[in-house]
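Here is the structure we will look at.
Protein chains in written order, with the working numbering: chain A, 1 to 307; chain B, 308 to 666.
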């Protein structure tokens, strides 16, 4: 793996984080704290495998991942908006609930423990392009540089990510969402349905995080393994905070995290004379040192966590 | 002065208050277990799996098999409890010890918890796998994982075309270190018979539960020119399988359980660690009233450590290589030959003479 390998590896590590932290951004811009990204990713990962298994198509499975994340988002918004519970507590409870439910469903649906049976995973970028080409009648084998051999979800995640960023930053609805997060009373006075907007933002954010989970289960792998998200949802929250709740900042943060992970694995197979622990610590050391530098000074949305 | 929260609670209209109570009750009811069935007095066995849990296609699954076999033979009632993380071990173990007649704990990471909890429950039998625990109601078993690692290393070292083999580990706990040290000793032995050096690259995922990382680590090994990967990584190994399945010319040696049929022809062999036999025998001894407490080391000599017959991959090896592997299995079964258990013992290891063992 050359230096080019690091670029594509960074993309693979950053893509699920990008989806999840943009999901978090959507929710927190509207003023609802969302620490439930881990649970959303996990349920998304499971539902993607379940639906792909039931339907036989990984693309329908991807929609399942979306719905799985939205389901947790729905619960979070009901508990925190309808019943006005503490949003952090609700998030943590949902993370724990998701871990338990995923394991239970795995046993109920597939009759196994721990690891689901293999399902059809999503194609690589090259394969996906080739099938599109053959459908519209263009001959030839497409070769995408850098990420061609990696999951088709990587370019899709980037496109979706850019769309979400543009949506939050420039669209009128995006402005409404941010208004709910900055000053809900003023927004309400201006005639905006604050609770409704927040509800939709949290559910849509859950869908994005669910896609991030589906990336892990049917993009990278082709099966569900219990607790496979392995803290990536929390890392996505860290990226959100490090990115100062701004779309571009979040993108930069997930790239830093992804690069840290990619570089540590790249070095681990080269500098074998160093103890393993050095490489295990490395990405988090990168994360901490970037946090200490404190780039930018934007505060969180003013009404974050308040109704 | 009333607290802020209290005033806001009072301000709730009664309708909303009741809908809240209703929601709380519904959430609570979801958690209630179904009414327990009345069971006749049978011995209760509780198995505590480590954080990888059942379905790891390895350690936990093998041990659970032994319990299930015992359940079928001796009319026991067996169930398992999966701990989410290490912090739960002591709490779950105490609960299980109160409830069950026989408690089986799986995995080195449980050793401390068993040492702490077992003295408080002198009437419960404890069977612990991997790690030494004393007590006259405790039987603990350790496996000479290094012997399995040695056979894996020999097979990998003889097989590799690119003279580069890789290892993906989960956490660097002693049984894994034993596996890896044995593997290095095995590769060293293979070097002696090939008359050329074979490079070993060892990477750790830092967790038994991160298959996505397992996949990319395996890809990194492949990109470095590795063509045989040995894994000792629990659920992280699921990702290693994924890489091997999708990459031409890369082969795998799996751990603990016969998985050769999972990717026929690409899994060269699996090491076999017969925890099921140890667990079954221990339960049988308890049921029949001749429990043997103490610590037991089990290895190839006891039939507890071996490698598969390579049903799907035989044709990929030369007959000479197969002979060497067969002889190595025989040498280990004799039990006279020690294999390094720690990394720092590998350098001093002298490869055994496998040609002479033919007769």
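C-beta: ideal position from N, C-alpha, C; glycine also.
Being a predicted model, the structure only gives us computed values, none of them experimental.
Going by DSSP, what residues sit across from residue 48 (chain A) in a beta bridge? As DSSP reads the structure, residue 48 (chain A) sits in no beta bridge.
Return the chain-ordered list of same chain residues with a C-beta closer than 6 Å to the C-beta of residue 539 (chain B), the five sequence neighbours on each side being excluded. Only 476, 483, 486, 562 meet the Cβ criterion.
Cutting at 6 Å between CB atoms, please list the residues of its own chain near residue 645 (chain B), excluding the five before and the five after it. Answer for residue 645 (chain B): no residue qualifies.
I'd like to check one pair, residue 397 (chain B) with residue 420 (chain B): are the Cβ atoms closer than 7 Å? Going by C-beta atoms, residue 420 (chain B) is nearer than 7 Å to residue 397 (chain B).
Check each residue of the stretch 270-291 of chain A: if its Cβ is closer than 7 Å to any Cβ of chain B, include it; give the result in chain order. Under the 7 Å Cβ criterion, the stretch 270-291 of chain A contributes 272, 276, 280.
Chain B contact residues for residue 83 (chain A), given Cβ-Cβ distances below 7 Å: Ordered by position in chain B, the residues that pass the 7 Å Cβ test against residue 83 (chain A) are 327, 330.
With a cut-off of 7 Å, does the C-beta of residue 314 (chain B) fall near any C-beta of chain A? Below a pLDDT of 50, predicted positions are generally treated as unreliable, and residue 314 (chain B), at 45, falls in that range; the measurement from the model is reported next regardless. Against chain A, the CB of residue 314 (chain B) has no partner CB under 7 Å away; the residue lies outside that interface.
Going along chain A, which residues have a C-beta under 9 Å from residue 516 (chain B)? Within 9 Å of the CB of residue 516 (chain B), the CB atoms of chain A belong to 225, 226, 227, 228, 230, in sequence order along the chain.
At which residues does the beta strand (DSSP E) containing residue 174 (chain A) begin and terminate? Where residue 174 (chain A) is concerned, there is no enclosing beta strand (DSSP E), although the alpha helix (DSSP H) it sits in stretches over 172-182.
Measuring straight from C-alpha to C-alpha, what distance separates residue 633 (chain B) and residue 615 (chain B)? For the pair residue 633 (chain B) and residue 615 (chain B), the Cα-to-Cα distance works out to about 11 Å.
List, in chain order, every chain B residue whose beta-carbon is nearer than 9 Å to that of residue 112 (chain A). Within 9 Å Cβ-Cβ: 361, 362.
Between the alpha carbons of residue 34 (chain A) and residue 569 (chain B), how many angstroms are there, rounded? Taking the straight line from one Cα to the other gives about 40 Å.
Looking only at its own chain, which residues have a Cβ that is under 7 Å from the Cβ of residue 360 (chain B), when we skip the five neighbours before and after it? Cβ-Cβ distances below 7 Å link residue 360 (chain B) to 367, 389 in the same chain, with the five nearest sequence neighbours on each side left out; the list follows chain order.
Looking only at its chain, what residues have a beta carbon closer than 7 Å to the beta carbon of residue 262 (chain A), apart from the 5 residues adjacent to it on each side? Closer than 7 Å at the Cβ level, and outside the excluded window around residue 262 (chain A), lie 6, 9, 10, 13.
So is residue 169 (chain A) in contact with chain B if we call contact Cβ pairs under 7 Å? Contact of residue 169 (chain A) with chain B is not assigned, every C-beta pair being separated by 7 Å or more.
Under 7 Å Cβ-Cβ, which residues of chain B neighbour residue 239 (chain A)? Residues of chain B with a Cβ closer than 7 Å to the Cβ of residue 239 (chain A) do not exist; the shortest Cβ-Cβ separation is about 17 Å.
With DSSP as the reference, identify every bridge partner of residue 473 (chain B), one or two as the case may be. Bridge pairing for residue 473 (chain B): B:508, B:536 [DSSP].
Alpha helix (DSSP H) runs wholly inside the stretch 4-90 of chain A, at least 4 long, in chain order: Within the stretch 4-90 of chain A, the complete alpha helix (DSSP H) segments at least 4 residues long are 37-55, 58-77, listed from N- to C-terminus.
Alpha carbon of residue 30 (chain A) to alpha carbon of residue 186 (chain A), nearest angstrom: Taking the straight line joining both Cα atoms gives about 13 Å.
Listing by chain order, which chain A residues have their CB less than 7 Å from the CB of residue 384 (chain B)? Correct list: empty, because the minimum Cβ distance to chain A is about 18 Å.
Name, please, each residue of chain B whose Cβ falls closer than 8 Å to the Cβ of residue 222 (chain A). By Cβ distance, chain B contributes 549.
Using alpha carbons as the reference points, say which of A:96, A:91, A:84 lies closest to residue 391 (chain B). Residue 391 (chain B) has its Cα closest to that of A:96, out of A:96, A:91, A:84.
Which runs of the alpha helix (DSSP H) spanning at least 4 residues fall entirely within the stretch 94-156 of chain A, listed in chain order? Those alpha helix (DSSP H) runs which fall completely within the stretch 94-156 of chain A and span 4+ residues are 125-136.
Cβ shell of residue 161 (chain A) (< 8 Å), same chain only, five flanking positions each side left out: Same-chain partners within the cutoff: 18, 19, 22, 251.
Length of the line joining the Cα atoms of residue 39 (chain A) and residue 217 (chain A): In this model, residue 39 (chain A) and residue 217 (chain A) are separated by some 14 Å (Cα to Cα).
Looking at the structure shown, is residue 617 (chain B) part of a helix, part of a strand, or coil, going by DSSP? Secondary structure of residue 617 (chain B) (DSSP, three-state): coil.
Determine the direct distance from the alpha carbon of residue 324 (chain B) to that of residue 313 (chain B), and round the result to whole angstroms. Legend: pLDDT at residue 313 (chain B) = 44, less than 50; position of this residue unreliable, no value from coordinates given.
Can you list the residues of chain B that residue 108 (chain A) reaches, using a CB-CB cut of under 9 Å? The contacting residues do not exist; residue 108 (chain A) stays about 14 Å from chain B at best.
Drop a sphere of 10 angstroms on the beta-carbon of residue 607 (chain B), count the other beta-carbons inside from all chains shown, and report buried for 16 or more, exposed for fewer. Around the beta-carbon of residue 607 (chain B), 16 or more other beta-carbon atoms lie within 10 Å, marking it buried.
Along chain B, in chain order, which residues have C-beta atoms closer than 7 Å to that of residue 5 (chain A)? Near residue 5 (chain A) (Cβ distances below 7 Å), the residues of chain B are 530.
Tell me, please, whether the stretch 542-562 of chain B touches the stretch 256-271 of chain A by the rule of three or more beta-carbon pairs shorter than 8 Å. With the cut-off at 8 Å, the stretch 542-562 of chain B and the stretch 256-271 of chain A do not touch.
Alpha carbon to alpha carbon, what distance is there between residue 422 (chain B) and residue 346 (chain B)? Because residue 346 (chain B) sits at a pLDDT of 43, beneath the cut-off of 50, its placement in the model cannot be relied upon, and the point is left open.
Reduced DSSP category for residue 450 (chain B) - H, G, I as helix; E, B as strand; rest coil: Three-state result, residue 450 (chain B): strand.
Residue 342 (chain B) classed as buried or exposed, judged by whether at least 16 other C-beta atoms fall within 10 angstroms: Only weak support is given to the placement of residue 342 (chain B): the predicted model assigns it a pLDDT of 48, under 50, and the value that follows is read from those uncertain coordinates. So residue 342 (chain B) ends up on the exposed side.
On the DSSP letters alone, give me the boundaries of the alpha helix (DSSP H) that residue 245 (chain A) sits inside. DSSP places residue 245 (chain A) outside any alpha helix (DSSP H), giving it a letter other than H or E.
State the DSSP-derived secondary structure class of residue 236 (chain A), mapped to helix, strand or coil. Helix.
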